[in-house]
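**Q**
Residue numbers (our numbering): 152 to 437.
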């Protein structure tokens with residue numbers, strides 16, 4: 152099997168420790184509630200038995216209470232609860248490793264949400280295992296169900312929240328100023344490419360200290376050439392593109408010398424060369 156790099160291993164250990172700590176806290180809470188419920192049943196055993204003697208369903212009700220007490224005592228005695236805890240953690244850990252391993256083998260990296268999916272899967276499996284144990288042994292069902300609902304809501308918020316942040320980062324990286332053309336007719340053409348997965352709308356462009364308001368939609372995977380009236384000079388300009396979605400792309404671009412200026416310089420140079428030739432000719436005649 153290929154060896155996962157050190158960074159992925161550290162993240163895996165951290166995530167596994169988080170999963171184990173959450174499940175341990177949940178089990179501890181369930182155990183505490185179970186002890187309280189057992190003590191309450193033992194204290195009220197005598198008055199409850201007296202009250203049920205005159206009831207028609209006293210025999211079946213007492214048998215149910217006795218069954219609950221026996222199940223809880225068996226679970227608490229001789230470290231049996233540790234075996235149950237391991238049974239809960241084992242499937243969660245296995246699911247976490249499998250999802251993480253499959254995501255890593257796809258492109259040899261953990262940069263596309265593999266850790267998020269693995270943690271969410273481990274949480275779901277572990278919480279369902281804990282819920283099944285609580286139902287089988289009748290251990291503090293209200294506490295476990297409450298913890299289950301809270302954990303599921305946390306998982307949903309964690310998964311979709313981090314996924315939204317990742318999508319925004321990916322879209323941010325997909326917006327790019329591909330090229331800037333400085334034309335001689337006092338115009339600047341900015342080519343903007345959208346490499347992201349959703350359409351964007353460019354609503355503001357900054358060229359140097361000048362601001363332009365516009366509304367130019369750029370579909371996903373396409374490029375738009377946006378033209379501006381701008382009296383530019385030779386030098387470096389910082390250009391920034393902003394979209395209505397909150398994305399931006401910026402960069403520095405060099406404007407060349409204008410052709411008129413370069414033509415004038417050529418004429419001046421040619422005149423100087425002619426003068427030098429004339430001087431050389433006069434010197435030869437002398």
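Where is the CB? At the ideal position from N, CA and C, for every residue including glycine.
Note that this is a predicted model, so its numbers are computed, not measured.
1. Over the uninterrupted beta strand (DSSP E) stretch that includes residue 398, give me the two end residues.
2. Helix, strand or coil for residue 386, going by three-state DSSP, please let me know.
3. Could you say which of 282, 346, 399 and 338 lies nearest to residue 409 if we only look at CA atoms?
4. Helix, strand or coil for residue 123? Go by DSSP, reduced to three states.
5. When burial is assigned at 16 or more other CB atoms within 10 Å of the CB, is residue 284 buried or exposed?
6. What number of angstroms, rounded off, separates the C-alpha of residue 268 from the C-alpha of residue 239?
7. Just to confirm my understanding: we take residue 351, look at its own chain, exclude 5 residues before and 5 after, and list those with CB closer than 7 angstroms. What are they?
8. Let's see if you can read the secondary structure: which residues bound the beta strand (DSSP E) around residue 354?
9. For residue 277, is the classification buried or exposed, using 16 other Cβ atoms within 10 angstroms of its Cβ as the cut-off for buried?
10. What number of angstroms, rounded off, separates the C-alpha of residue 372 from the C-alpha of residue 359?
11. With the cut-off set at 8 angstroms, would you say residue 406 and residue 378 are in Cβ contact?
12. Assuming residue 340 and residue 334 are in contact, meaning their beta carbons sit under 8 angstroms apart, how far apart are those beta carbons, in whole angstroms?
13. Take the Cβ of residue 343 as the centre, count every other Cβ of all protein chains shown within 10 Å, and call the residue buried at 16 or more, exposed below.
14. Spatial neighbours of residue 207 within its chain, please: CB distance less than 6 angstroms, with the 5 preceding and 5 following residues excluded, ordered by chain position.
15. Please report the residue range of the beta strand (DSSP E) in which residue 408 lies.
16. So which of 374, 391 and 328 has the shortest CA-CA distance to residue 357?
17. Could you tell me the distance, in whole angstroms, from the CA atom of residue 286 to the CA atom of residue 274?
18. Would DSSP call residue 195 helix, strand or coil?
19. Kindly indicate the opening and closing residues of the beta strand (DSSP E) around residue 337.
20. How long is the line joining the alpha carbons of residue 272 and residue 349, rounded to whole angstroms?
21. Which residues in the same chain as residue 330 place their Cβ atom closer than 6 angstroms to its Cβ, once the five residues preceding and following it in sequence are excluded?
22. Below 6 angstroms CB to CB, which residues in the same chain sit around residue 332 once its five sequence neighbours on both sides are set aside?
23. Work out the CA separation of residue 237 and residue 246 for me, nearest whole Å.
24. Put residue 267 into one of helix, strand or coil per three-state DSSP.
25. Got a sec? Which residues, its chain only, sit under 7 angstroms from residue 402 by beta carbon, not counting five neighbours each side?
**A** Reading it off the structure:
1. Within the chain shown, residue 398 is the residue found at index 247, counting from 1. That residue, residue 398, is in no beta strand (DSSP E); it is neither H nor E in DSSP.
2. Counted from its first residue, the chain shown places residue 386 at position 235. DSSP places residue 386 in strand when its eight states are reduced to three.
3. What you label residue 409 is simply residue 258 of the chain shown in a count that begins at 1. The candidate whose alpha carbon is nearest that of residue 409 is 338.
4. A question about residue 123 goes unanswered here, because the residues of the chain that appear run from 152 up to 437.
5. Position 133 of the chain shown holds residue 284. So residue 284 counts as buried.
6. By 1-based counting over the chain shown, the position of residue 268 is 117. By 1-based counting over the chain shown, the position of residue 239 is 88. Residue 268 and residue 239 have their C-alpha atoms roughly 19 angstroms apart.
7. Locating residue 351 in the chain shown gives position 200, where the first residue counts as 1. Once the five neighbours on either side are set aside, the close Cβ partners of residue 351 are 326, 345, 369, 394, 396 and 398.
8. Translated into positions along the chain shown, residue 354 becomes position 203. Taken as a continuous stretch (DSSP letters only), the beta strand (DSSP E) holding residue 354 covers 351 to 358.
9. For the purposes of this step, residue 277 is taken as the residue at position 126 of the chain shown. It counts as buried.
10. By 1-based counting over the chain shown, the position of residue 372 is 221. By 1-based counting over the chain shown, the position of residue 359 is 208. Going by the C-alpha atoms only, they are around 27 angstroms apart.
11. The residue you call residue 406 lines up with position 255 of the chain shown. The residue you call residue 378 lines up with position 227 of the chain shown. No, these two residues do not count as a Cβ contact at 8 angstroms.
12. For the purposes of this step, residue 340 is taken as residue 189 along the chain shown, with counting starting at 1. For the purposes of this step, residue 334 is taken as residue 183 along the chain shown, with counting starting at 1. Yes, they are in contact, since the Cβ atoms of residue 340 and residue 334 sit about 7 angstroms apart, within 8 angstroms.
13. Within the chain shown, numbered from 1, the residue matching residue 343 stands at position 192. Buried is the call here.
14. Here residue 207 refers to the residue found at position 56 when the chain shown is read from its first residue. Caution is warranted here: a pLDDT of 41 is assigned to residue 207, below 50, making its placement in the model unreliable, and the coordinate value is therefore given only provisionally. In the same chain as residue 207, and ignoring 5 residues on each side of it, no C-beta atom comes closer than 6 angstroms to its own.
15. Here residue 408 is taken as the residue at index 257 of the chain shown, counted from 1. Neither: residue 408 is in no beta strand (DSSP E) and is coded neither H nor E.
16. Against the chain shown, residue 357 aligns to sequence position 206. Checking every option, the nearest Cα to that of residue 357 belongs to 391.
17. As a first step, residue 286 is located in the chain shown; it is residue number 135 there, counting from the start. As a first step, residue 274 is located in the chain shown; it is residue number 123 there, counting from the start. Those two C-alpha atoms are separated by around 18 angstroms.
18. For the purposes of this step, residue 195 is taken as the residue at position 44 of the chain shown. Unreliable positioning characterises residue 195 in this predicted model, as indicated by a pLDDT of 46, which lies under 50. A coordinate reading is not provided.
19. Here residue 337 refers to the residue found at position 186 when the chain shown is read from its first residue. First-last for residue 337: undefined, no H or E at that position.
20. Within the chain shown, the letter at position 121 stands for residue 272. Within the chain shown, the letter at position 198 stands for residue 349. Their backbone Cα atoms lie some 28 angstroms apart in a straight line.
21. Taking the first residue of the chain shown as position 1, residue 330 is located at position 179. Only 342 meet the Cβ criterion.
22. By one-based count along the chain shown, residue 332 stands at place 181. Counting only Cβ-Cβ distances below 6 angstroms, and skipping sequence neighbours, we find 340.
23. Numbered from 1 along the chain shown, position 95 holds the residue referred to as residue 246. Numbered from 1 along the chain shown, position 86 holds the residue referred to as residue 237. Rounded to whole angstroms, residue 246 to residue 237 spans 14 angstroms at the Cα level.
24. In the chain shown, counting from the first residue as 1, residue 267 sits at position 116. In the structure shown, residue 267 sits in a helix (DSSP, three-state: H, G or I).
25. Translated into the one-based positions of the chain shown, residue 402 becomes position 251. Answer for residue 402: 328 and 390, listed in chain order.
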